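**Q**
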Amino acid sequence: MKKRIAILGSTGSIGTQTLDVIRQHSDLFTAEILTAHSNADLLIGQALEFLPNAVVVTDTDQYEKVKTALQKQDIKVYAGEDSLEQIVESDEIDMVVTAIVGFAGLRSTLNAIRHKKAIALANKETLVVAGDIIMKNAKENGVPVFPVDSEHSAIFQCMAGEYHNPVEKIILTGSGGPFRGKSREYLANVTKAEALKHPNWVMGNKITIDSATLMNKGLEVIEAKWLFDLRPEQIEVIIHPQSVIHSMVQFADSSIKAQLGLPDMRLPIAYALGYPYRLKTSFPRFDFTNGANFTFEQPDTKIFRNLALAYEALKQGGNMPCIINAANEIAVEAFLNDKIGFLKIAACIEQCMLTAAFIKKPTLDDYFQSDRETRIICKEIIKKQQ
Ligand code: NAD
Ligand code: MG
28 MKKRIAILGS
38 TGSIGTQTLD
48 VIRQHSDLFT
58 AEILTAHSNA
68 DLLIGQALEF
78 LPNAVVVTDT
88 DQYEKVKTAL
98 QKQDIKVYAG
108 EDSLEQIVES
118 DEIDMVVTAI
128 VGFAGLRSTL
138 NAIRHKKAIA
148 LANKETLVVA
158 GDIIMKNAKE
168 NGVPVFPVDS
178 EHSAIFQCMA
188 GEYHNPVEKI
198 ILTGSGGPFR
208 GKSREYLANV
218 TKAEALKHPN
228 WVMGNKITID
238 SATLMNKGLE
248 VIEAKWLFDL
258 RPEQIEVIIH
268 PQSVIHSMVQ
278 FADSSIKAQL
288 GLPDMRLPIA
298 YALGYPYRLK
308 TSFPRFDFTN
318 GANFTFEQPD
328 TKIFRNLALA
338 YEALKQGGNM
348 PCIINAANEI
358 AVEAFLNDKI
368 GFLKIAACIE
378 QCMLTAAFIK
388 KPTLDDYFQS
398 DRETRIICKE
408 IIKKQQ
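Under our numbering, read the sequence shown as residues 28 to 413, first letter to last.
1) Measuring from each Cβ to the nearest heavy atom of the ligand MG, keep the ones under 7 Å and list them in chain order.
2) So methionine 242 packs on cysteine 185, CB below 8 Å; how close in whole Å?
3) Starting from the N-terminal side, write out each stretch of the beta strand (DSSP E) that is 3 residues or longer and does not extend beyond the segment 251 to 295.
4) List the endpoints of the continuous alpha helix (DSSP H) containing methionine 380.
5) In whole angstroms, what separates the C-alpha of aspartate 393 from that of alanine 384?
6) Specify the secondary structure class of isoleucine 357 as computed by DSSP and reduced to three states.
7) Below 8 Å, can you find three or more Cβ-Cβ pairs linking the segment 81 to 92 to the segment 101 to 108?
8) By how many angstroms is the C-alpha of threonine 200 removed from the C-alpha of isoleucine 272?
9) Closer than 7 Å: is that where the CB of serine 110 sits relative to any heavy atom of the ligand NAD?
10) Taking alanine 131 as part of the beta strand (DSSP E), name the residues at either end of that continuous run.
11) Just to check, is the beta-carbon of glycine 39 closer than 7 Å to a non-hydrogen atom of the ligand NAD?
12) Going by beta carbon distance, what residues of the same chain come within less than 8 Å of aspartate 54, once the five residues before and after it are set aside?
13) I want to know whether the segment 398 to 413 touches the segment 365 to 384 - three or more CB-CB distances under 8 Å.
14) Under 8 Å Cβ to Cβ from valine 229, same chain only, skipping five residues before and after it: list those, please.
15) Just to confirm, does lysine 233 get its C-beta within under 7 Å of one of the non-hydrogen atoms of the ligand NAD?
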């Protein structure tokens, strides 16, 4: 029987690459649910190719367009945020790929877990915000959460077969982004176009900016805490500009395992979809005879403040990671809209951490409230700076 997949955010970078994996392995997988926010044209094209059971467009203005384009097909068309949350309850799916960006993916991810759908998790912000609730629900419902993020997939792959062996620490690698080695003076004047030019990966805009500020690595530290049940001091970050070693695990006997490969998100996506089997792929292979040179350096958290702020949020716990996530989403959006400079992103987040109400043991409702509150505070901070 083919594995029936729902892709939440099918029109994005991870979504389209997931469809590519499904296209290349149509004997193993079918895409049964596709969702998009506003890119109706791409969603329609995907639906006509993959003929899913249903599609959801969350931007209700796009409903008529999608409905009309698909009316000759046997495809259900829904619109709005509530539909996104409800569609994951469908009996037509076995696994949900969470490829929505940001807090917007939280409700649907949680509902999918509560309805016992296996999760392939790309939407790291959901774990940053509410990792305790997500993982608790996954455990209670016996739902596996397979990492899609390349670093976490690497760690997951390194842990295969190590069930009884405690992890001493994990080493998350990061490329360092386009501004590795630059000074604060330089960073004060970088443009959006420069920040969007990632050296090794082509990704959605938000995560590309997060990679340039190192917030992406900070979010990944928190993501790793929840996925692998680690303490903050067990999670190390090292800059590895070549992006070939995707992360490492160190065990009690001092042995370190690493997972390597050329940077291509279709590899961790295929591992999550096919687990426990490795799929045969035609992706380019890494060549050790090609003069390859692996280098490593410490991340500079004085210049790239966001990574230090994420560690701080993780140590404080409670809703602090939720606060940094919301502040970061607003600050990155403001940077992309030319409202604030690059260094102001971290400054906004730091101010939100000091201002937003801290809750030691938040409920799910608290996370929603804290997300709303922080967004308002961050927008005020940005307005004052203009
Ligand atoms: P993207 O911007 O390319 O795509 C986002 C998708 O989410 C789109 O399909 C969009 O329609 C949908 N979406 C956006 N806002 C929405 C909303 N409010 N409601 C419903 N749907 C919405 O993003 P991406 O780069 O594919 O990243 C997706 C997630 O995967 C992020 O959490 C990111 O951190 C994570 N991730 C991405 C990569 C990568 O290579 N792109 C790697 C690792 C992890
Ligand atoms: Mg990553």
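Note that the Cβ used here is the ideal one computed from N, Cα and C, for glycine as well.
As the structure is a prediction and not an experimental result, all values here were calculated from the model.
**A** Walking through what the data contain:
1) Asp176, Ser177, Glu178, Asn243, Glu247
2) With a Cβ gap of about 25 Å, methionine 242 and cysteine 185 do not count as contacting.
3) 262 to 266, 272 to 278, 283 to 287
4) 371 to 382
5) 10 Å
6) helix
7) yes
8) 7 Å
9) no
10) No beta strand (DSSP E) holds alanine 131; DSSP gives it neither H nor E.
11) yes
12) Lys29
13) yes
14) Ser40
15) yes
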